[in-house]
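**Q** One structure coming up, written as structure tokens, with questions to follow.
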Amino acid sequence: MQPQQPPSRAVPESAEPLRPTASAPAEPNSPGGAGARVSDESDTADAPGTTRAHTAEPIGSPVPIVITYSTTAEAGRPAPAVGGGLEPRPAARPAPAPAPAQAVDIAVVQFGPYTDKAANLAALRDHVRAAAEHGAKVVVAPEYSMFAVKRLDERVVAAAEPITGPWASELRGLAAEFGVHVVAGVVEAPGGQITDRVYNTLIAAGPDAEFAAIYRKVHLYDAFGFRESEVVAPGPIEDPATFTVEGVTFGLQTCFDLRFPEGCRRVAAAGAQVLLLPAQWIPGPGKLDQWTTLLRARAIENTVYVAAADHCAPRGAGASMIVDPSGNLLAELGDAPGIATSRVDLDHLRRIRTTNPSLSLRRFTVEP
Numbered sequence: 001m002q003p004q005q006p007p008s009r010a011v012p013e014s015a016e017p018l019r020p021t022a023s024a025p026a027e028p029n030s031p032g033g034a035g036a037r038v039s040d041e042s043d044t045a046d047a048p049g050t051t052r053a054h055t056a057e058p059i060g061s062p063v064p065i066v067i068t069y070s071t072t073a074e075a076g077r078p079a080p081a082v083g084g085g086l087e088p089r090p091a092a093r094p095a096p097a098p099a100p101a102q103a104v105d106i107a108v109v110q111f112g113p114y115t116d117k118a119a120n121l122a123a124l125r126d127h128v129r130a131a132a133e134h135g136a137k138v139v140v141a142p143e144y145s146m147f148a149v150k151r152l153d154e155r156v157v158a159a160a161e162p163i164t165g166p167w168a169s170e171l172r173g174l175a176a177e178f179g180v181h182v183v184a185g186v187v188e189a190p191g192g193q194i195t196d197r198v199y200n201t202l203i204a205a206g207p208d209a210e211f212a213a214i215y216r217k218v219h220l221y222d223a224f225g226f227r228e229s230e231v232v233a234p235g236p237i238e239d240p241a242t243f244t245v246e247g248v249t250f251g252l253q254t255c256f257d258l259r260f261p262e263g264c265r266r267v268a269a270a271g272a273q274v275l276l277l278p279a280q281w282i283p284g285p286g287k288l289d290q291w292t293t294l295l296r297a298r299a300i301e302n303t304v305y306v307a308a309a310d311h312c313a314p315r316g317a318g319a320s321m322i323v324d325p326s327g328n329l330l331a332e333l334g335d336a337p338g339i340a341t342s343r344v345d346l347d348h349l350r351r352i353r354t355t356n357p358s359l360s361l362r363r364f365t366v367e368p
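Residue numbers (full-length UniProt numbering): 1 to 368.
Right, here's the structure in full:
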């Protein structure tokens, strides 16, 4: 018998969003101060190990948090109060429940990077600290975390750095400082004969301050009136970028790659159990529905977890989320800055793949 689920309810964001430093351009306020959305799959019973997301005011941190509560007793986390909002905040935050064997707590970061690289790094550091304090071992930040504009132009080329440059080095130091893996998007100067364009690159930095994986975006955003290829060079077709944390294998894709299922399938076929997808998903008519639908579709068809980190409003659609291998929503943010956490559990993944072995039944392979 499954435990009784708490009712769905929207809880307003109580914590202030991160403010840019004095040198950073001010970010417009999100419409209506939107906070994290609460999701509840009311027509289906939860599989063991799935979670529900509820907004809570963080303790001693300016970063809004979505805390996920497990529907299974062994997770050791209390269910939220029913009918009266969240339980009162304790005087001191208890230590996160230890993850079971072959399980890893992860977090997605949603914030609004802009043209001040130092301010972007400082904001990201606050989010990574909050995620680590909540037990996350892998923290996923958006595409273009280093430097972002809504319309790509020569400013992006001017801001680019080598993969061994100062911003990437600081990112690696940040991962070491908090003892986590951090995935974030950078603007990479390719070097060599490419001087007028950049690579849209993801760096996975490990707690040893080394590169765990590097992925350069393959499918460029030449759609919906945008031409990313005017400023960005497509990444080379290489073996899927993956890394492993505590027995769980993570794979990388970026934003517009989401619309090409063969790329995500290739990453899953290479052994990834979790697809990490940083993005700057530009808002527009129907774009939010497409984002949520595609993320859940990639999870279902590949039977993998998906963790997607987007920009907050106004330069992103928000809705950063974590989805389980059946497409169930585990945690989701609204359009304001914050983090969302959940647990990747390989026992849960194995149960899903036993019931739905579609990945092992496929009769076609994906070759570049």
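Each residue gets a CB set at the ideal place from its N, CA and C atoms; glycine is no exception.
Could you name the residues that DSSP lists as bridge partners for His-311?
**A** For His-311, which the question treats as bridged, DSSP gives no partner whatsoever.
**Q** Put His-127 into one of helix, strand or coil per three-state DSSP.
**A** His-127: helix per DSSP, three-state reduction.
**Q** By the DSSP assignment, the beta strand (DSSP E) with Arg-227 in it spans what residues?
**A** Where Arg-227 is concerned, there is no enclosing beta strand (DSSP E), given that its DSSP letter is neither H nor E.
**Q** Determine the DSSP secondary structure at Phe-211, reduced to helix, strand or coil.
**A** Of the three classes helix, strand and coil, the one that applies to Phe-211 here is strand, per DSSP.
**Q** For Gly-286, is the classification buried or exposed, using 16 other Cβ atoms within 10 angstroms of its Cβ as the cut-off for buried?
**A** Burial call: exposed.
**Q** Starting from Asp-105, follow its DSSP beta bridges and name the residues at the other end.
**A** Asp-105 is bridged to Arg-343.
**Q** Anyone know if the C-beta pair for Val-187 and Ala-159 falls short of 8 Å?
**A** Going by C-beta atoms, Val-187 is nearer than 8 Å to Ala-159.
**Q** Grab the span of the alpha helix (DSSP H) containing Asn-302 for me, first residue to last.
**A** From DSSP, the alpha helix (DSSP H) with Asn-302 extends over 287-302.
**Q** Which residues share a DSSP beta bridge with Pro-278?
**A** Beta-bridge pairing links Pro-278 to Ala-309.
**Q** Could you work out which residue in Ser-229, Phe-224, Tyr-199, Asn-120 is closest to Gln-290 when comparing CA atoms only?
**A** If we check each option's Cα against that of Gln-290, Phe-224 comes out closest.
**Q** Between Val-231 and Leu-152, is the Cβ-Cβ spacing less than 8 Å?
**A** Closer than 8 Å, so yes.
**Q** Starting from Leu-152, trace the beta strand (DSSP E) both ways and give me its first and last residue.
**A** Note, Leu-152: premise wrong, no beta strand (DSSP E); not H, not E.
**Q** Name the residue from Asp-239, Pro-234, Pro-240, Ile-282 whose alpha carbon lies nearest to the alpha carbon of Pro-142.
**A** Ranking the options by Cα distance to Pro-142, first place goes to Ile-282.
**Q** Can you give me the C-alpha to C-alpha distance between Arg-259 and Thr-195, rounded to a whole angstrom?
**A** Going from the Cα of Arg-259 to the Cα of Thr-195 covers about 28 Å.
**Q** Can you confirm whether the segment 102-109 touches the segment 325-345 when touching is taken to mean that 3 or more C-beta pairs between the two stretches lie within less than 8 Å?
**A** Touching, per the Cβ criterion.
**Q** Given a cut-off of 8 Å on the beta-carbon distance, is the pair Ala-279 and Ala-308 in contact?
**A** It is a contact, given that the beta carbons lie within the stated cut-off.
**Q** Looking only at DSSP bridge pairs, what is Thr-201 linked to?
**A** The partner list for Thr-201 (beta bridge, DSSP) reads Val-186, Arg-216.
**Q** So, using beta-carbon positions, are Val-128 and Leu-174 closer together than 8 Å?
**A** Cβ atoms of Val-128 and Leu-174: closer than 8 Å.
**Q** What does the alpha-carbon distance come out to for the pair Trp-167 and Gly-327?
**A** Their backbone Cα atoms lie some 35 Å apart in a straight line.
**Q** State yes or no: is the C-beta of Leu-295 within less than 8 Å of the C-beta of Val-183?
**A** No, these two residues do not count as a Cβ contact at 8 Å.
**Q** Do you know how far the Cα of Ile-352 is from the Cα of Phe-364?
**A** If I take the Cα positions, the gap works out to 21 Å.
**Q** If we ignore side chains and look at the alpha-carbon of each, how far apart do Glu-262 and Gln-253 end up?
**A** Near 11 Å, if we compare the C-alpha coordinates of Gln-253 and Glu-262.
**Q** So, with DSSP's three-state summary, where would you put Val-248?
**A** Looking at Val-248 - three-state DSSP - the assignment turns out to be strand.
**Q** What's the call for Leu-361, buried or exposed, on a 16-neighbour Cβ count within 10 Å?
**A** Exposed: under 16 other Cβ atoms inside 10 Å.
**Q** On the DSSP letters alone, give me the boundaries of the alpha helix (DSSP H) that Leu-361 sits inside.
**A** Leu-361 -> alpha helix (DSSP H) spans 358-361.
**Q** Whole angstroms is fine: what's the gap from Glu-177's alpha carbon to Leu-171's?
**A** Roughly 10 Å between the two C-alpha positions.
**Q** Rank Val-198, Gln-273, Pro-207, Gly-271 by C-alpha distance to the C-alpha of Pro-236 and give the top, closest one.
**A** Checking every option, the nearest Cα to that of Pro-236 belongs to Val-198.
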